[in-house]
Structures are given as structure tokens and as C-alpha cells.
Amino acid sequence: MAGRGAAVCVLLDPGRSGGIAYAGNSSIRGALHRLGLPGGVEVAPWLLLAAGGVAVAWLAAPISWSHHWVWAAPALVVAAHAAWSPSARPAVDRSTARWVGVGLGAVFPAGPRWRLPTGDDREPGWAWWQHLVGSGYVWCAVAALGWLAFGGRTRVA
Numbered sequence: 001m002a003g004r005g006a007a008v009c010v011l012l013d014p015g016r017s018g019g020i021a022y023a024g025n026s027s028i029r030g031a032l033h034r035l036g037l038p039g040g041v042e043v044a045p046w047l048l049l050a051a052g053g054v055a056v057a058w059l060a061a062p063i064s065w066s067h068h069w070v071w072a073a074p075a076l077v078v079a080a081h082a083a084w085s086p087s088a089r090p091a092v093d094r095s096t097a098r099w100v101g102v103g104l105g106a107v108f109p110a111g112p113r114w115r116l117p118t119g120d121d122r123e124p125g126w127a128w129w130q131h132l133v134g135s136g137y138v139w140c141a142v143a144a145l146g147w148l149a150f151g152g153r154t155r156v157a
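Residue numbering for the sequence shown follows UniProt numbering, starting at 1 and increasing by one per position.
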């Protein structure tokens, strides 16, 4: 059986099954590659869409343990850069980026759900506000995805 490294190499090598440009390749990367973009330009949008897909999958998964949310640390860095860095693109909505960063920075390190009654199936009996607090990771993920999808840029008149 191949090791983990070999499996990752096989997954990342689209040429192993006919090439990226092959008409039967119905992936986004294949469609972008067939447009004839210059060397490897299709990789950035493909990676961005793949990351978005993984984030949506975490939200849709029947179980997503807290240690699966390691993306929150880099997301906090990206939000902070967009909010406060003078070198960030000017089209970024800095106010919303600040709120996304503050939310991520408050919820993820604090782990507020662990301050609520947990275990022995006590979670379904939480009060409405405890459900809001206890599902903080989910609400932060929805807010971050919403910001990235719809609110990450200012509107140009």
C-alpha cells in the first residue's frame, strides 16, 4: 500500500488519468485550463474554490470536531491583514473585515462552548442563547464565508 505522500502526489497529478485538458475532465480546474490561460493561472481560482468547498463541507458534515477548524487561525490573519494593512487591496471592505476578525479572534481562542453544560446529552437542553454561544464556530464560519462571497469588496458606483 502506498504511503500518504504517494497518495497525495497521485491526487495532485491530474495527468495520471488523461490530462487536465481532456474533455471528460469536468472539474473547474479542467474548464479553466481548457481556456488556454498562461502557465498555471488556473491553479489560483481552483485552489480558492476548493478551499471554499472544504469550508462548506465542514458546515454540512454530520460531525465536525473542534480540532478540524484549524482554518480559523489563517482566516484571522487574512481578516486582520484586510482590515488594518495599508498594503491590502483598496477594494476590501475594511470595516466588515474588522468585524470578521474580531469575531474570529473572540470565539476561536476562547472556546465559549466549553463554558456551557456539556456531556451526558445536556446540549439539547440549552437555552436559546446557549445555542448561539455553543455554535459559535458555525456562526463564525457562516459569517466568514458570507464575507468572502458577498461582502469582501466594496461596491463601485
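A virtual CB, placed ideally from N, CA and C, is assigned to each residue, including glycine.
Among 122, 107, 80, the one whose alpha carbon lies nearest that of residue 135:
Of the candidates 122, 107, 80, 107 places its Cα closest to the Cα of residue 135.
Could you check if residue 156 is buried or exposed, using at least 16 other CB atoms within 10 Å of its CB as the buried criterion?
With a pLDDT of only 48 at residue 156, under the threshold of 50, the placement of this residue in the model should not be trusted; the figure read from the coordinates follows. Here residue 156 is exposed. Its C-beta has fewer than 16 other C-beta atoms within 10 Å.
Under a Cβ-count criterion, where at least 16 other Cβ atoms within 10 Å of its own Cβ denotes burial, should residue 76 be classed as buried or exposed?
Buried, because 16 or more other Cβ atoms sit within 10 Å of the Cβ of residue 76.
Measuring only the C-alpha atoms, how far is residue 158 from residue 146?
An answer regarding residue 158 cannot be provided, because it is not within the stretch 1 to 157 covered by the chain.
Range of the contiguous alpha helix (DSSP H) that encloses residue 96:
For residue 96, the enclosing alpha helix (DSSP H) starts and ends at 94-110.
Residue 31 to residue 25, Cα distance in whole Å?
Whole-angstrom Cα-Cα distance: 8 Å.
Does DSSP put residue 123 in a helix, a strand or coil?
In the structure shown, residue 123 sits in a helix (DSSP, three-state: H, G or I).
DSSP three-state call for residue 27: helix, strand or coil?
Under the three-state reduction of DSSP, residue 27 is assigned to coil, being neither helix nor strand.
DSSP on residue 66, reduced to helix/strand/coil?
Shown here, residue 66 sits in a helix according to DSSP, grouped into three states.
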